[in-house]
Amino acid sequence: MNQTEARAVCRENYTDLVTVYSDEDSTELYNKMMNTELYNMTMTYGYWTWIGLYRSVFSEKWSNGDPVTFRNLTGDCRTLSYCAVMKTDGSWESVQCTETRYFMCYEEASIHVSDEALSWEKALDYCHEGNRAGILHIDSESEQEELESELRRRRVPPGNLWVGLGPNRLSEMKVSSGPLTCEDVERQTAPPLSHCAADTHTAEAAPDYVMDSAELRVVCKLK
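Under the UniProt record's numbering, the first residue of the sequence shown carries the number 1, and numbering increases by one thereafter.
Pasting the structure below:
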């Protein structure tokens with residue numbers, strides 16, 4: 001499909017063509033592509049893969065409207081309109097938007113991170129207001145990793161966040177980009193009126209406990 005057709009398919013079935021905001025995002029996307037049939041097809045047929053970056057005569061942006069904060073383009077970047085593809089080595093190239101390529105979509109996580117810091121009780125109430133469907137629960141290490149990735153993508157600053165931990169127990173943890181797992185936290189016993197925590201974006205994070213009255217931003221599910 002050309003880039004316009006690929007974007008339409010992504011928007012109809014997912015959220016949009018993939019976006020990349022950092023070198024870490026680019027590496028993660030490339031690693032995911034390598035583990036799919038898409039990589040085998042691109043290697044076999046030499047087709048590069050559409051991502052969401054494009055340039056009009058006036059501006060360069062992502063398909064979802066976000067500004068460009070990271071670029072991995074090689075070769076001739078062109079001065080007029082172009083669309084970007086990811087090559088088999090993970091770098092990007094600018095090509096005509098009318099060319100036929102494979103494509104990659106992303107689906108936005110259905111979460112909301114509050115702008116305001118709240119106490120535990122207020123956070124629980126906040127996550128049941130409007131289109132919010134309760135506090136986000138983390139029930140496995142893979143779910144924790146998905147949340148970490150989404151928080152990085154949204155550029156949520158490092159710090160504590162209220163979340164739910166386990167299928168039947170609400171607690172607070174700081175989501176870590178390091179080796180901390182939900183199982184590590186579950187094995188600990190929290191003191192009364194406190195909740196478990198681990199530092200966000202800190203590789204050496206360790207579980208900790210804070211009082212319910214502490215005010216933190218909260219991660220909610222969306223309906």
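The C-beta atom is built at its ideal place from N, Cα and C for all residues, glycine as well. This structure is a prediction, so every number in the text was calculated from the model and none was measured.
Cβ-heavy atom distance, residue i to the ligand NAP, below 7 Å
{"i": "T15", "result": "Absence of the ligand NAP is noted for the structure shown, with no ligands found whatsoever."}
Bridge partners - residue i, DSSP secondary structure assignment
{"i": "R55", "result": "E60 and Y82"}
{"i": "W92", "result": "L73 and M86"}
{"i": "G134", "result": "Beta-bridge pairing links G134 to no other residue."}
{"i": "T49", "result": "M86 and Y102"}
Buried versus exposed, by CB contacts within 10 Å (16 or more), residue i
{"i": "S56", "result": "exposed"}
{"i": "A8", "result": "exposed"}
{"i": "S26", "result": "buried"}
{"i": "R101", "result": "buried"}
{"i": "G164", "result": "buried"}
{"i": "N72", "result": "buried"}
{"i": "P192", "result": "Because P192 sits at a pLDDT of 36, beneath the cut-off of 50, its placement in the model cannot be relied upon, and the following sentence gives the value as read from the coordinates. Looking at its Cβ environment, which holds fewer than 16 other Cβ atoms inside 10 Å, P192 is exposed."}
{"i": "S213", "result": "exposed"}
{"i": "T74", "result": "exposed"}
{"i": "residue 261", "result": "Nothing about residue 261 can be reported from this structure: the residues present for the chain run from 1 to 223 only."}
{"i": "T98", "result": "exposed"}
Option in the options with minimal Cα separation from residue i
{"i": "A117", "options": "M33, N160, C97 and T36", "result": "N160"}
{"i": "Y106", "options": "V218, K32, P67 and D23", "result": "K32"}
{"i": "G90", "options": "C127, M34 and S63", "result": "M34"}
{"i": "V85", "options": "F70, T69, M104 and V68", "result": "M104"}
{"i": "E108", "options": "L216, C10, G134 and P67", "result": "C10"}
{"i": "D115", "options": "K223, L216, T4 and E28", "result": "L216"}
{"i": "T4", "options": "R155, K61, T69 and C83", "result": "C83"}
{"i": "W120", "options": "V219, E145 and E60", "result": "V219"}
{"i": "E24", "options": "T69, S59, T36 and A6", "result": "T69"}
Under 8 Å between C-beta atoms of residue i and residue j
{"i": "I51", "j": "V95", "result": "no"}
Sequence ranges, beta strand (DSSP E) only - wholly within the region 94-125, length at least 3: Taking only runs of at least 3 residues, the beta strand (DSSP E) segments lying wholly in the region 94-125 are 111-113.
Those runs of the alpha helix (DSSP H) which lie wholly inside the region 136-161 and span at least 4 residues: 141-153
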